[in-house]
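Okay, so here's the structure we're looking at.
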Amino acid sequence: METLRRISFPYCELSNSHVSLKKLVLTDEPSSIRRSISLHDNKAIESIEMEYSDSHQATRDLTHYIENPDVSEKDEFPLLIKVNPALHKLKLHVLIKPTNRFKERSLIIVKSTGNYDIQTLKHHLYDDSCTDEMIEISKIDFDKLPLNEDDENFQKLIINDSFDNAAIRNTKLNISLWENDPATNEYEYLLNFGFWVDDFPKEDLVSPANLQDQSPTRSPISNKPEDRLFNVGDFRREFNFNIEDGPEFRKTLAYYEDRIPRAKKIYSTLIGEFKNLEQGLRKFSSSKMRIIEGINALIDLQSNSLLKDFGFMLNFSLIFKSIFDPFEANLSFFLNEVCDAKLFNKLAHNLATLQDSTGSSGSSSASNSPSNHNELVQSKKQFENDSKEYYSWLNKYLSNEKERPESKLLLKRKAFEMSKFDYLNHLSKTTNNQYVNVLWENLFKFIHLRYDVKNPRVLEFAKYKDKKQSQDLIGGNYKTYLHALLRFNSEKYKFRQMIEASTSNEELTTLIRYNTLNHKQMKPAKHVASDDSITTTIDEFVITNENIDLIFSDSHPPSETVSQTSDSEMTGILFTLGGQGKQGWHKEWVVLKKGQLTEYADWRKGKKPLNKPIEVALSSVKPITYDKRQFCFEILTSRGTKNVFQAINEDERTKWIKALYNAAQVVNTQRLDAVYSKNKASGNQFKVTDKRKNLGRLITDLVEKPVIPGQSKDRSISPVSITSRTTILEKDYFNLVKSIPDSDNNKCVDCNSTESVEWISINTLSCFCVQCASCHRSIGSHITKIRSLKLDKFENELEMLLSYTNNRYVNSFLEENMPPGEKIQPDTVNEKRLSFIRNKYVLKKYKSIIPDVNNLLIRSIQRINIHGVLKNILCGGDVNVNIQINIPNKNEYLVISLFEYSLRKFVEIKDESMFLTNSKKLFVISELLILNGCKVDLTHELNKEIGLTNEALEYWKLRSLKLSGGLLTP
1 METLRRISFP YCELSNSHVS LKKLVLTDEP SSIRRSISLH DNKAIESIEM
51 EYSDSHQATR DLTHYIENPD VSEKDEFPLL IKVNPALHKL KLHVLIKPTN
101 RFKERSLIIV KSTGNYDIQT LKHHLYDDSC TDEMIEISKI DFDKLPLNED
151 DENFQKLIIN DSFDNAAIRN TKLNISLWEN DPATNEYEYL LNFGFWVDDF
201 PKEDLVSPAN LQDQSPTRSP ISNKPEDRLF NVGDFRREFN FNIEDGPEFR
251 KTLAYYEDRI PRAKKIYSTL IGEFKNLEQG LRKFSSSKMR IIEGINALID
301 LQSNSLLKDF GFMLNFSLIF KSIFDPFEAN LSFFLNEVCD AKLFNKLAHN
351 LATLQDSTGS SGSSSASNSP SNHNELVQSK KQFENDSKEY YSWLNKYLSN
401 EKERPESKLL LKRKAFEMSK FDYLNHLSKT TNNQYVNVLW ENLFKFIHLR
451 YDVKNPRVLE FAKYKDKKQS QDLIGGNYKT YLHALLRFNS EKYKFRQMIE
501 ASTSNEELTT LIRYNTLNHK QMKPAKHVAS DDSITTTIDE FVITNENIDL
551 IFSDSHPPSE TVSQTSDSEM TGILFTLGGQ GKQGWHKEWV VLKKGQLTEY
601 ADWRKGKKPL NKPIEVALSS VKPITYDKRQ FCFEILTSRG TKNVFQAINE
651 DERTKWIKAL YNAAQVVNTQ RLDAVYSKNK ASGNQFKVTD KRKNLGRLIT
701 DLVEKPVIPG QSKDRSISPV SITSRTTILE KDYFNLVKSI PDSDNNKCVD
751 CNSTESVEWI SINTLSCFCV QCASCHRSIG SHITKIRSLK LDKFENELEM
801 LLSYTNNRYV NSFLEENMPP GEKIQPDTVN EKRLSFIRNK YVLKKYKSII
851 PDVNNLLIRS IQRINIHGVL KNILCGGDVN VNIQINIPNK NEYLVISLFE
901 YSLRKFVEIK DESMFLTNSK KLFVISELLI LNGCKVDLTH ELNKEIGLTN
951 EALEYWKLRS LKLSGGLLTP
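Number 305 in UniProt numbering belongs to position 305 of the sequence shown; there are no gaps in the numbering.
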């Protein structure tokens, strides 16, 4: 058998591969039966098992083999393992070692039939037009795998996939793993293996239920088709503990409070039924003995001694008892060991029920209740008092202009959060306490008991009573559940300790909202991967005893280093001016979802909205201080309505403003179209002239007061007025650029050469030597536009841009993530020089990772920050993005291009050449956008309502003429 295994599973792995297969598991659709192929460290087969998923009991199926049709493998692997096509779900138990930049790459799983070698498969991967039906490809990004990138050791992981068993039958299936780098589109081979997929037999795959037999070693409980493996999401929904105040938290409290009397009734009923069963068993046993005695009495009537001599009395007693004795023994075992009366009495005594202490009997009822009942009542009273006092104190705290100590707020919040924790934890003990958990462990062991081999009609009592052996009875999902329950209770108390240890309000807010037990925003996950894709989110990864940590991980706040556009939904309690239709400040439950902000007066239930939802995309947001109340922000709607909200501190206000901004980026155009039509019909005075899908808004400044297009100080068109020092009579551009301080413009930006550094890229504003400039020309003018500082002529906007040339600044973000030793030198050969320049400027392999780069680009344009505009463009900003502005002096909105908006942001200079003192407006940002690929529609007429100057229109006309006439290639 060992020899057969060794020669029947062709497995090949690249030397020093950071991905390795440890086990292959194939299951059917309901995951009720599976075949496992485990590998040694040397990649030879360790074991082949066919078993039922829930009980891990082996099936009767034997492993079958077939001759390997692949000639290239036949010498080493003459046989192949045959697999039933019903087992088309794949679970790859792999070891993955994180490598440098591995989260930027993807794992590719290729499933092919026929004799495809590695090179042929690689060709298919590169050929996007290939439609070979004999090849299936699945993909998952490494950053979606729950791997610790700081751990350089191999980490265990299970990846779900499948193959099309309708198409792949009676053939060999080859499975290979590859790594893809999207930046270079390179594919690296990792490993491959194969097996034979049989044709469907005449009879379907035998189900566990059909295999139930009378074998004494067979479990009395049949395997059910619906038994399956479960995912992180399934367990997270089960083990959820959220104490963030609001409708969901209050609903959870009400749910537990309502469940207490129901639980008491269930336990009381069970205790009564167990007593009845125990009494019935005694009556049953007594009746059995009386029947035997009665039959013996009949013998005495029937015969003097002959029937006694035959042995009838003994034979009848033995046969009659054999009918009842196993039943009595099994039932007595169940009542005494699994569900004994003492355990249920403890359960009933431990159950904290509010009815016992808040009923009509008053205080006498409470005094007669168990101590833990009084604890629960006290906990509820404490929580309700703390809630009332905290929010009353908070309102006064936020309205106090002078005395607003953060430390006092922190102490009050910590006390309130622990009060919430303690009360919810008391309530949850209805179904999660030491006695309930013992009961479930007993029941889990009981359902997996088998009949005794020596006495096939009696359960294995000895195994159940043995503490060590009984643990082996709990397997599969039940064992995982108990381990997760134990971990959940441990995590709860860690959570409470972390609340006590919080040192700032920001830390406490983050802890409550994103603690590892709070999964309130999690969407339901699928139980198994779909047929044509592998699992793509952590909530869909299968949970085993080895990776229970996944349940209580990955609940972190959005990273500040990742784009926040996806963080566009938020809920919470805010104080609102004039809320609930009354004067003054009131608490409200505020929900930001799908681009709409909805207010609820009843913050405990959050059911009836106060007013129509606010369309965030059609509103402006800014932080304000209102009537001495700090941490406020104002939302001005498209109808001119002002809504003022107050958060508890600056950090919370910033989170709300960021979420509102992000919500404005994801616009439901269909809903807005309906809003436009409805308002147009009703005569409301606002409009949108463009229904393009990438509607956007300008982000409010989270540090300073915001600049909203068409409002406040943005109406001045341009806040910058400078005196030009770049327009010199001799036009010595070469020395001008080199003399810029702290710029390193005397050295080539790419190779640091100091010879012939007289070439400039007018779109990246950096200088090059002649060799690097030649390489730049070869990669195309759409990447870098090279000019000579000594031969070419620069006028107006281009001349002004020269003063912003700065090699040191450009390299600070284009080479921020460059590996040590990769920088080229003046003597580097041309091939390596060109490769480096491609990586730096075409692939942008070394550039800074800037979260929310488009918003930063817009803000830089607002402030006419040339260096900021350049950085955000070269680091990925979209120069063709559309933005929404409101028309000056009107309550109307327009959607315009970023280029149109940039025409409002000019630089005004005094032209001192030729003794002239008149001013000149230069549109350097608009020029920089065009130089970096901004698409300008020459047939598009500029909307004069956006407030453009005559100079802007003249620049537009001149630029259009140059573009259409080919005077300057953009």
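Cβ coordinates follow ideal geometry from the N, Cα and C atoms, glycine included.
Can you tell which of the options has the C-alpha that lies nearest to the C-alpha of residue i?
{"i": "Leu53", "options": "Lys793, Ile573 and His448", "result": "It is Ser, not Leu, that sits at residue 53 in the sequence shown. When only C-alpha atoms are compared, the closest one is His448."}
{"i": "Lys594", "options": "Asn442, Thr571, Leu394 and Ser162", "result": "Thr571"}
{"i": "Asn839", "options": "Leu870, Ile624, His776 and Pro613", "result": "His776"}
{"i": "Val749", "options": "Leu765, Pro741 and Ile37", "result": "Leu765"}
{"i": "Ile118", "options": "Phe154, Leu177, Asn425 and Ile614", "result": "Leu177"}
{"i": "Leu79", "options": "His64, Pro405 and Lys91", "result": "His64"}
{"i": "Ile37", "options": "Met50, Pro30 and Ser31", "result": "Met50"}
{"i": "Leu424", "options": "Leu485, Arg250, Ser399 and Cys751", "result": "Arg250"}
{"i": "residue 982", "options": "Trp585, Tyr841 and Pro10", "result": "What is shown of the chain runs 1 to 970, which leaves residue 982 out entirely."}
{"i": "Lys605", "options": "Val197, Phe142 and Leu253", "result": "Leu253"}
{"i": "Gln771", "options": "Pro326, His426, His93 and Glu831", "result": "Glu831"}
{"i": "Asp61", "options": "His88, Asn42, Ile33 and His40", "result": "Ile33"}
{"i": "His586", "options": "Asp627, Trp603, Gln596 and Leu597", "result": "Trp603"}
Using the Cα positions of residue i and residue j, report the straight-line distance between them to the nearest angstrom.
{"i": "Ile7", "j": "Tyr514", "result": "51 Å"}
{"i": "Leu335", "j": "Ile271", "result": "11 Å"}
{"i": "Tyr600", "j": "Leu394", "result": "19 Å"}
{"i": "Asn662", "j": "Glu954", "result": "36 Å"}
{"i": "Val542", "j": "Lys91", "result": "9 Å"}
{"i": "Ser502", "j": "Leu411", "result": "10 Å"}
{"i": "Glu238", "j": "Glu441", "result": "17 Å"}
{"i": "Asn350", "j": "Val436", "result": "10 Å"}
{"i": "Ser638", "j": "Thr27", "result": "56 Å"}
{"i": "Leu698", "j": "Tyr397", "result": "With a pLDDT of only 32 at Leu698, under the threshold of 50, the placement of this residue in the model should not be trusted, and no figure is reported."}
{"i": "Ser718", "j": "Asn865", "result": "Confidence at Ser718 is low in this model, with a pLDDT of 32, below 50, so the placement of that residue should be treated as unreliable; the coordinate-derived value is given next. Answer to the nearest angstrom: the Cα atoms are 12 Å apart."}
{"i": "Glu900", "j": "Thr754", "result": "40 Å"}
{"i": "Glu186", "j": "Asp127", "result": "12 Å"}
{"i": "Leu298", "j": "Phe312", "result": "11 Å"}
{"i": "Gln825", "j": "Met800", "result": "31 Å"}
{"i": "residue 1016", "j": "Arg496", "result": "Outside the shown range of the chain, which is 1 to 970, sits residue 1016, and nothing can be said about it."}
{"i": "Leu856", "j": "Cys767", "result": "25 Å"}
{"i": "Ser756", "j": "Leu597", "result": "59 Å"}
Can you tell me where the beta strand (DSSP E) holding residue i begins and where it ends?
{"i": "Lys82", "result": "Leu79 to Val83"}
{"i": "Trp603", "result": "Element bounds for Trp603: n/a, residue is neither H nor E."}
{"i": "His93", "result": "Lys89 to Ile96"}
{"i": "Arg35", "result": "Ile33 to Leu39"}
{"i": "Lys593", "result": "Trp585 to Lys593"}
{"i": "Gly868", "result": "First-last for Gly868: Ile866 to Leu874, but that is the alpha helix (DSSP H), not the beta strand (DSSP E)."}
{"i": "Arg639", "result": "Segment: none, Arg639 is in no beta strand (DSSP E) and carries neither H nor E."}
{"i": "Thr431", "result": "Careful: Thr431 lies outside any beta strand (DSSP E) and carries neither H nor E."}
{"i": "Thr269", "result": "Counting along the chain, Thr269 falls outside any beta strand (DSSP E), though it belongs to the alpha helix (DSSP H) covering Pro247 to Gln302."}
{"i": "Lys156", "result": "Gln155 to Ser162"}
State the CB to CB distance for the pair residue i and residue j, rounded to an integer number of angstroms; the pair is presumed to be in contact (CB under 8 Å).
{"i": "Glu179", "j": "Leu107", "result": "6 Å"}
{"i": "Ile925", "j": "Lys957", "result": "Contact doesn't hold; Cβ gap of about 18 Å is too wide."}
{"i": "Asn932", "j": "Ile873", "result": "5 Å"}
{"i": "Ile624", "j": "Asn643", "result": "Contact doesn't hold; Cβ gap of about 11 Å is too wide."}
{"i": "Glu758", "j": "Ser788", "result": "6 Å"}
{"i": "Ile657", "j": "Phe631", "result": "Not really, about 11 Å apart at Cβ, beyond 8 Å."}
Could you give the first and the last residue of the continuous alpha helix (DSSP H) run that contains residue i?
{"i": "Leu843", "result": "Run containing Leu843: none; DSSP gives neither H nor E here."}
{"i": "Met418", "result": "Glu406 to Ser428"}
{"i": "Thr113", "result": "Segment Ser106 to Thr113 is the beta strand (DSSP E) holding Thr113; no alpha helix (DSSP H) there."}
{"i": "Gly476", "result": "Gly476 to Ala501"}
{"i": "Ser20", "result": "Taken as a continuous stretch (DSSP letters only), Ser20 belongs to no alpha helix (DSSP H), being part of the beta strand (DSSP E) at Val19 to Thr27."}
{"i": "Asp234", "result": "Val232 to Glu238"}
{"i": "Thr509", "result": "Asn505 to Tyr514"}
{"i": "Tyr901", "result": "Leu898 to Ser902"}
Let me know the alpha helix (DSSP H) ranges lying completely inside the UniProt domain "Arf-GAP" (731-856), each 4 residues or longer, listed in chain order. 733-738, 770-779, 796-802, 807-814 and 830-837
Could you name each continuous alpha helix (DSSP H) segment of 4 residues or more that falls completely within the segment 312-345, going from the start of the chain to the end? 312-333
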